Structure formats: structure tokens, C-alpha cells
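Numbering (our numbering), first residue to last: 1034 to 1281. Cβ coordinates follow ideal geometry from the N, Cα and C atoms, glycine included. Just so it is clear, the structure is predicted and the values come from calculations on it, not from any experiment. Everything below concerns the one structure shown next.
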């Protein structure tokens, strides 16, 4: 299974919201995804996360995917045994397109749709959410927040509201927002941390369009490395296993 960065994905600029038909291979599985205008195109981050999902078993699990986009990860989750999936997006049209791609690829399991803003999801509760596993690719470069780690930190801190005790949180993290800090926060939340896989690749062109982002990244130890004069980031897929019971 290849885990190299796709240069066509890396070179995309600007909002990355233009219409496309994307073909992607995950092992023996070939996907052809319809991505209409206004839906975020899959990125190297998303492809690497997908490669790691293909190595995992989701048999008999109800999986929550936050920010399903074109549905690429939901398809993989179904192919890896999920019994049902809840997908979320910020509008119903994007959810509907994801379901279109799921059905196009022969996925017939129940797909529940929610229009939701990040972790503010119906069904979340302090006793442990209804889902066995949560999967997501949190925004980073295009976070739209002054605090760049907002989506990663809130995800980790509130995972217990969405995932059953003993369940899993699976997400991708770039070195550009400090991998060691992510591990420390997960451990502070009593998660058992496992790195599922990592890769590296050149910056996406639109990183250089945000001077403030580049300045912030320069302050983070190990945020990137220069290889033959080209900026490279490291991408790590984490699995955080939640504790079996809440703290007393």
C-alpha cells in the first residue's frame, strides 16, 4: 500500500473547493469520488489517514466521522467492517454528496447524517457518547482560528462525550502544530496512545499564502524539515483508546 504524497494534491492552492472527480487507490480498493464545488477536496492528510484506516478492523462498530467531506473515509470504514456510520458536515448538501459516493461504492449499511459544527453533535453526553470509534481529519492550515490547535485540542478534551468508555479516537496530526503536545494532552486525558503510521511530504502550496501561519510554524520545534530546499511536514495518525471508566 503506497503512502507517498500525491503531487496533484500537494499542488492545489487557495480554497481547494473546486469541483473534481477524484480517483484514489487504497490497496486493492479503487475509489472514484464525485466532489462538487464547495466540498473540500481530499488532501495528503486525508489520504494518509485513509491508508491507516485500511489497516484497522471496525467490525460491528458504530463509527462517528466528523467532517466527512466527500465520504472517502466513510467508504473505507464500511469496507473495514463498520456496521453503521454517523457522518457530520456543516450543511446537508455535503452530507448528501457523501452518501451518494457511499452508495456508488456499494455501501449499504445504515448511514446517519447530522448537520453539525465540529464536536457539537446530537447524542454527545458526559456519560460517554454512543459511538464505538470517532474518526476525523481536523482542520489545521485552514482552521480559521487565532488558536491554531483549537480543533485538535477540543477533539481530545471532549472525546469522552462522543465515544464509549474504552472506545477509540482516530485522527491525523501534522508536525506543524506540535506532535509532542498532542501526545501529552491525550495522555493527560488518560488515553492509551498509539501511533498507527506516519509519513512526510512537501508543504501544500497554499501554506505559503498565509504569512501568519508560516510565522507560527517557525516557532514550533520540529514543525518541518528542509529536504533539497523544499519544506516538508510530518503527518502522524493517532489512535487514542479512552479509559474503560470515567475518573471518580
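Your pair residue 1159 and residue 1194 checks out as a contact, with CB atoms roughly 6 Å apart and the cut at 8 Å. Contact between residue 1103 and residue 1131 holds, since their C-beta atoms are separated by about 6 Å, short of 8 Å.
Exclusion of the five residues before and after residue 1171 leaves 1184, 1185, 1188 and 1204 as the residues of its chain whose Cβ lies within less than 7 Å of its Cβ.
Of all alpha-carbon atoms in 1232, 1114, 1168 and 1123, the one lying nearest the alpha-carbon of residue 1151 is that of 1123.
Contact check for residue 1164 against residue 1095 passes: the beta carbons are separated by less than 7 Å. In this structure, the alpha-carbon of residue 1107 lies about 12 Å from that of residue 1066. Here residue 1075 is buried, its C-beta having at least 16 other C-beta atoms within 10 Å. Nearest neighbour of residue 1082 by Cα position, chosen from 1153, 1268, 1221 and 1140, turns out to be 1268. Pairing residue 1210 with residue 1182 gives a Cβ-Cβ distance under 7 Å.
Taking the C-beta atoms as reference points, residue 1274 is found no nearer than 7 Å to residue 1215. Residue state for residue 1271 is assigned as strand, using DSSP reduced to three classes. Residue 1259 is bridged by DSSP to 1264. Within the segment 1108-1148, the beta strand (DSSP E) runs of at least 3 residues that lie entirely inside it are, in chain order, 1117-1122 and 1144-1148. Residues 1097, 1195, 1196 and 1202 of the same chain have their beta carbon placed closer than 6 Å to that of residue 1167, with the five preceding and five following residues left out of the count. An exposed status is given to residue 1155, since fewer than 16 other beta-carbon atoms sit within 10 Å of its beta-carbon. Beta-carbon to beta-carbon, residue 1257 and residue 1250 are separated by about 7 Å, close enough to satisfy the 8 Å threshold.
Less than 7 Å divides the Cβ of residue 1118 from the Cβ of residue 1110. Cβ neighbours of residue 1093 within its own chain (closer than 6 Å, five residues either side excluded): 1116.
For residue 1214, the secondary structure class from DSSP, reduced to helix, strand or coil, is helix.
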